[in-house]
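Protein chains in written order, with the numbering used here: chain A, 1 to 186; chain B, 1 to 942; chain C, 1 to 402.
Heads up, the beta-carbon is just placed ideally off N, CA and C, and yes, glycines get one too.
Bear in mind the structure is a predicted one, so any value in this text is a computation, not a measurement.
Notes follow the structure.
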Amino acid sequence: MSTTDPIVNKPLHVTVNGIEQPVEDIPEQLMMLDYLNEYRNLTGTRFGCGIGVCRACTVIVDHEDGRSEEIRTCITGAHYFEGKSIRTVEGHAERDENGDVAKLSEVQQQFLDHFSFQCSYCAPGFVNAATVLVERLQREPIPRSQLEATISDALESHLCRCTGYVRYFRAVRAAVLAMPGTTVEG
Amino acid sequence: MPQFSQSRRRFLKHSVVAGVSTYVASLASPSFAALFEQDILSPTAQAWRPGAGMKFRLDGIAKVTGSKVFARDIRARDMPHWPDTQAHAFIIRATRCDRRYEGIDLSALEAAGLAPDRVVTAEDMERDNIQVPEYYGPAFFLPAGEAPLYLGYPVALCIYHDFARFSVAKARVRAAEDVVVYGEQTPLPEKPPYGAFRYIRAGGDTPYAPDRFSALQETVLYPDFRKRHPVWPQALENGKDSQRAMYYANQLAEQLDTPPDDWLVFEGEYQTPYIDHFAMEADNANCWFDADAGDMHLVCGSQSPAELVERMAELNSASTFASARLFLHPTYTVGYGSKDNSIFPYYGLIAGLYGDGQPVRLANDRYEQFQATMKRHPFTIRNRLAVERETGKFQIFKQNLTANGGGRANFSNSVAFVGATAAQGIYYMPNSDLTATAEFSRMPEAGSMRGYGTIQTMAATELMVDEIADQLGMDPFELRLANVFKSGMKNTQGAIPAGHLRAEEILHKARQHEIWTQRASRKQAFEADHPEQRYGVGFACVQKDFGHGAEGVFSEVRLNADGSIEVRNTGAEMGTGYSTSQAAVVAQWLGQPANTVHTAETEWDDLAMTSSGNPYVMSQSDQEAAQTDPRWTPMLQQASSASNSSYYLSFPTIEAARVIFRHGLWPVALEYWQRGIGGGQAAPYVVREQDARWEHGKLTANGMEPLSLAFLAERAHATGRVTGAMAHAFNRWEWSRADYRIDGTDENLPLDGLAVRYGDGASEQKKARMTSKRGFELLTRSNPYFPPTQRNNAGVTYYSACATLVELAVHTGTGEVSLLNHHSFLECGNTIVEELVSGQLQGGLAMGIGHALYEDMPLYEDGPGNGSWNINRYHVPRASEVAVWKQSADILAPLSRTDPPKGIAEVVMIPVVGAIGNGIAHAIGHHFHRLPITPERIREVL
Amino acid sequence: MAGYRQTAVALVLALSTGTGWAASQATAKQIERGQYLARAADCAACHTAEGGTPYAGGRAIETPFGKVYGTNITPDDEYGIGDYSADDFYHVLTQGELPDGTQLYPAMPYTSYHDIAREDSDAMYAYFMNLDGVHVQSKQTDLSWPYSMRWTLNFWNWMYAPDDDAGQRRAADDQRGRYLVDTLGHCGQCHTPRNRFGAIERDRHLQGAVIAGWQAPSLEAEALAARGWDDASLRAFMREGRSRQGSMYSEMYPVFHHSTRYLDDDDLAAMSHYLLGENPPAAARVVQKSQADDGAGRQLYLNSCAGCHGADGEGAPHVASAMTTNTALRLDSPRNLVKIIHDGIDARAFSGYERVQAMPGFGDALSDAEIATLASYLRRRWGGQQDAVTAENVADLTSAGD
């Protein structure tokens, strides 16, 4: 075991929900989840298993080319995100000047209308996964007949213990169908 | 540090336990919003669809936007009156029970500059006189020199004042194999069983005739143990009740051993899986001990906040820390039972005590959660059931079950007997002899979990019934209908269940469903298309009790002059939608849902109620003596568990709303309708209170002008009528009742405590009576009736029914089971919010599917107690495994609009277990007795 | 026990319907032995589709010449081997020729099975004939010309089929180990290099080869020891599918899943003994480099790997392999390491309750240069391999055509 200082800090530049975060020296081995939870006090991104299986810790990485991608923050180091831009569950709704929710995203609204979640611990992961899916379908529409299977593929890896998934899946279908250009006939 | 001003502090609630002042403010409550400027619940106005219920969960917007909802989300800086710095702690646990524990070796950490800022061990507990509450058994930390009683026994708690060092140190301790130092070999720990219960019933000539013997009529047997074996009383036909019990038990046993020729005596041993709750919010607590002020502050999720307040206050006051005040902030959480009477929050409290003035956060990671959190009791169930071959009628049911309770006593005794008393399922058993034993083992402790003993026994019963039908060559529905329990019959404890039982109706419906009627043709078609798979259809139906057998509930409803409504209740929000349904239930009397709901409230001083004795075991004479005190009740507050929220916890809320309606709203409405000459608009019609209806948010009756709540509220306030009610209700399979004089009118109500508030325009004389802390007049009951203590022996009387039909396919090569489709039938009285009910059903089905097919762990050294388990090895059902797009359900219409809402959170997960087992039997011809039915086990029999 | 009862029923039925095949003479013990041998010979790896009924065929075997599909070897008369006699079976197994004279593609390792004892063949025959026949046609092979012409195989056989025992230079007294490794286990089919015609180079027995893009490492004693293997870990690896050296992945996972986990301790010991020899060389320990010497590689490791494999490479029992003792880092070739980082590993079930979640691939998240830096760091820090991996190496190893 090393006898050098166990904690080596490095500065991190990251954009979260459109806001460049204050540059802060953080440990080189810090996981992104811990950065969000402990350093930024953004606790909507949740610790579930710590080994990348349950996906409660999923956030969205926004690429410069417009693609969005899910990533698990419990197994991805904070410094992986150096220079990157991410969205967390806190960043989807439109908020007023007081920070109060003014308008939910389509996915969030459908989750609400469908009573999709119960305890909601997994909801951030589902919000992000469904949002990535909807955004992908906006870029690459699919035939309507493939929608259910596509949703199943996209959300299969997300675990929920309360709901049996039914209301999540129906809500995502409703969200996709409510967004023009995501499906084509067939 | 932000100032915590006195003006804000007054919002917090206050009571005194063991000399410690306790203050409880849920993070969701307005009193806490006064600290946080934040509110988890949305305004109900947005969520309410007049006439159609709730549009969305009141906590939904906060939850879907990632707001701080869970205790897990709270850091010191979120608490305005706490220091901003946050310390972190983890627990080191012993993972072997065959060696003496010698101590911990943190030298590697120290060498790496990662020594904890504080290490807490058994020595600290000893020195500072911190005693584990008696309920939880052995000491918090294992003293050096002793052998652990169970796998995962805590030996030390390490506190770090900064997160960075904490997280690196925790990872290193996890990876190291030499931190816990073991000494000489010791025998594996053994202890006598926690308890045993035997329910014997010898029925009369018909199900409706008096019993020859029953637990309700006479007694339950509680054996003594000698060398860990039960000792039963001597059998005597005319002896004491317990001796007579044995007389009948022996008679039944003899009949089973030498049955008549026309009986089939089925025997089967069933084994149930070792299951983790997998509540996604792992246990955690954040605790600050403010030594200067002597104040203890605690944030944690709990299904039983009242229990925490009481026991923590006792612990604190006995310790040398002598903290004078305890502030508990219960949060929204999720548990399925795992946060009901859990020992975890006490470790959080201890972490706080040794935090050197810093708030300390103790939060399990998933390995720790698997290792240390309560599990479902694994059962071994030996069933014998005698059946008359010709008719299929059940004759004698004998069950002997053991529940493995693990190393720390929790609810093992009650899980065991609840399991046994539910074992009959939907069937009438003319004679029965049920023995349940809760055993100690070195497994991590087992405790409360959704299904609570009944999923174990009722699933086994449903598997058994199909196997018997096979052996008799009988249609499984015919066999079920031949034995189905009808309203008015007596259960295995000798009690008559409440109300109309609808399992029979469900059987008839299910039998007509296409999954069942087309099973033969579908099997043929499916197997032609899939030569490597076998198709099967399975069915199971259960009815499950809800409630604990002793329920104490407080509730307060307030109607403000502007028509807004506030509700306060004792229940905790665990994701089930409890807060939403509490808002909704008042609408039946007040025409709209509550605008604000405060959950997990534990302070009810206004009612000045007291309690003594144990509601489950007290004698009738003790109860009668105690109830002469008009403030006495057998139980103040029950935890939020046992599917108790929709019925029991709503009960006093609805009653309080009714008091406001009858003594506040109805009189002013009548006055309004009768104003003017000759009795006003009311005169030509007969206007009766029972015809009152809320339509489109307005009150009308017999054609009277509809009046809004705001209009009525203003007048009720102006005339000083009843505008608030605070109530306590007690249930022991029946509600307590008493007479009250309310605003000059006498009324008999199913409540044992009541206080009312009058409107702002009340007379000075009335106002002078509103002397309680919240400004209520405390009424004094008369003619109290408490359910006789003998009803404890009833075990259960409130039932809801649920059935599931399953279509599945078994791959004969791999043994994999695919769930193709399922359809459920649920009877739940009146639904409060239908989406919440069907959501519970869908979630329960998934958990049941896991129980039947996927979830299991080894019990001991290779099991979760060793600290290496995570969900890569524990298979929680995924969407592809629950027929997510195809599944469907019928929620039965209530018998009438006056049906009570019934608890269903547990019953919904049970029938799918039996249905899957029976479907597999249909597919491959083998009736499994051991769950889960894994591919390996299927391959073994193929 | 239920299995035996069923077997007995099957035998009675077979006799009563008068098919009269020789396996009807089989005893339960012989069938059980046949099952064991079929597992040792790993028949299922090729003759079982993923998620399919064992031995009902269907798995695609990638060969340098195209795809070959494992056939249905259940006793189905139409699609399986229901009409085989014990002689036919033995002939196919050891000569690679069907009863009708058709020559099998050498994806069927009959060059290894050549030495299977007749009584073992009969036991396997008894086992297969007592399975339920599965009426499923396996997929047809898809080979490039001229290999699609089966007659060319005769020519191939004439050139390369064995006429003597493989692995002569191994400990001659360890017949059992040799039989399990070389004959039944046909390890050499992957671990021995092949020439450009696809035939095994017998003089380079078990010296390691590249197959289907993966490195099948050398199984020679010195090479095994250099990568950290000893007797105990080899046996554990075959029995459990995992050891401190890592876990079975890629083409070795089916070998574990269908074969090695079923072998008894004596046979595993014999295999280990045969591979490591009478006096096994000491397993090498790699002197771990301090962490400070490769900032970029270390940070890449912390960013993408440490969450599961640990900041110090310690791994997590039952969850993620340790890097500190990992055999893949010690291979001379970075091939396997780079491919794993790039493509990830699917979720796998090992024995009993052992299940491992999928490892994500980082092909999209990391550039070739980053993967090269990361692989170099891992090999240097924990593998004792100083040669740097380059971005070009990564591109070559992970290009789609490989």
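Residue i (DSSP reduced to helix, strand or coil)
i                : result
Lys139 (chain C) : coil
His851 (chain B) : helix
Ala166 (chain C) : With a pLDDT of only 45 at Ala166 (chain C), under 50, the local geometry of the prediction cannot be trusted, and no value is derived from it.
Thr3 (chain A)   : Note that Thr3 (chain A) scores a pLDDT of 48, beneath 50, so its modelled location is shaky and nothing firm can be said.
Ala171 (chain C) : Note on Ala171 (chain C): pLDDT 48, under 50, position unreliable in the model; the coordinate value appears next. The answer is coil: DSSP assigns Ala171 (chain C) none of H, G, I, E or B.
Ala76 (chain B)  : helix
Arg8 (chain B)   : Residue confidence for Arg8 (chain B) is low, a pLDDT of 33 falling below 50, so the modelled location carries little weight and cannot support an answer.
Asp746 (chain B) : strand
Ile985 (chain B) : The structure shown does not extend to residue 985 (chain B), since chain B is modelled only from 1 to 942, so the question has no answer here.
Gln543 (chain B) : strand
Within chain B, partners of residue i - CB distance below 9 Å
i                : result
Gln21 (chain A)  : Within chain B, no residue comes near Gln21 (chain A); the closest Cβ sits about 16 Å away, beyond 9 Å.
Glu354 (chain C) : Arg873
Rounded distance between the beta-carbons of residue j and residue i, thought under 8 Å
i                : j                : result
Gly494 (chain B) : Met443 (chain B) : With a Cβ gap of about 34 Å, Gly494 (chain B) and Met443 (chain B) do not count as contacting.
Glu826 (chain B) : Val908 (chain B) : Before going on, a small fix: residue 826 (chain B) reads as Leu here, not Glu. At roughly 6 Å, the Cβ-Cβ gap stays under 8 Å, so Leu826 (chain B) and Val908 (chain B) are in contact.
Pro900 (chain B) : Tyr647 (chain B) : 6 Å
Leu216 (chain B) : Asn793 (chain B) : 5 Å
Ile341 (chain C) : Ile371 (chain C) : 5 Å
Contact under 7 Å by Cβ, residue i with residue j
i                : j                : result
Ala510 (chain B) : Leu892 (chain B) : no
Gly344 (chain C) : Gly361 (chain C) : yes
Val882 (chain B) : Ala846 (chain B) : yes
Thr789 (chain B) : Met618 (chain B) : yes
Gln512 (chain B) : Ile426 (chain B) : no
Ser121 (chain C) : Gly57 (chain C)  : no
Gly228 (chain C) : Gln245 (chain C) : yes
Val84 (chain A)  : Val59 (chain A)  : Note that residue 84 (chain A) corresponds to Lys in the displayed sequence, not to Val. No. Outside cutoff.
Arg781 (chain B) : Pro630 (chain B) : yes
Ser272 (chain C) : Asp231 (chain C) : yes
Per-residue contacts from residue i into chain B (C-beta, under 8 Å)
i                : result
Gln108 (chain A) : Val64 and Thr65
Residue nearest to residue i in terms of C-alpha spacing, selected from the options
i                : options                                   : result
Gly315 (chain C) : C:Phe237, C:Met271 and C:Ser247           : C:Ser247
Cys802 (chain B) : B:Val833, B:Pro531, B:Gly664 and B:Gly914 : B:Gly914
Arg176 (chain C) : C:Ala60, C:Ser243, C:Asp87 and C:Ala269   : C:Ala269
Phe350 (chain C) : C:Asp294, C:His258 and C:Glu240           : C:Glu240
Ser195 (chain A) : B:Trp885, B:Gly919 and B:Ser896           : Chain A is shown from 1 up to 186; residue 195 (chain A) falls before or after that span and cannot be answered.
Gly125 (chain A) : A:Ala149, A:Glu70, A:Arg173 and A:Val8    : A:Glu70
Arg72 (chain B)  : B:Val567, B:Arg522 and B:Gly348           : B:Gly348
Asn866 (chain B) : B:Lys68, B:Ser880, B:Ser342 and B:Phe370  : B:Phe370
Pro652 (chain B) : B:Arg568, B:Leu707, B:Trp733 and B:Gln674 : B:Arg568
Chain C contact residues for residue i, given Cβ-Cβ distances below 7 Å
i               : result
Val53 (chain A) : Gln357
Gln29 (chain A) : Leu302, Ala306 and Ala311
The ligand HEM heavy atom lying under 6 Å from the CB of residue i
i                : result
Gly125 (chain A) : In terms of ligand content, the structure shown is empty, and the ligand HEM therefore cannot be addressed.
Beta-carbon neighbours of residue i, restricted to chain C and to distances below 8 Å
i                : result
Leu79 (chain A)  : Note on residue identity: the sequence assigns His, not Leu, to residue 79 (chain A). Under the 8 Å cutoff, chain C gives Gln299, Leu302 and Asn303.
Glu532 (chain B) : Gly52, Thr53, Ala56, Val134 and Val136
Proximal chain B residues relative to residue i, where beta-carbon distance stays under 7 Å
i                : result
Ala227 (chain A) : Look at the range of chain A in this structure, 1 to 186, and you will see that residue 227 (chain A) is not part of it.
Glu148 (chain A) : Trp885
Under 8 Å by beta carbon: chain A residues contacting residue i
i                : result
Val403 (chain C) : Look at the range of chain C in this structure, 1 to 402, and you will see that residue 403 (chain C) is not part of it.
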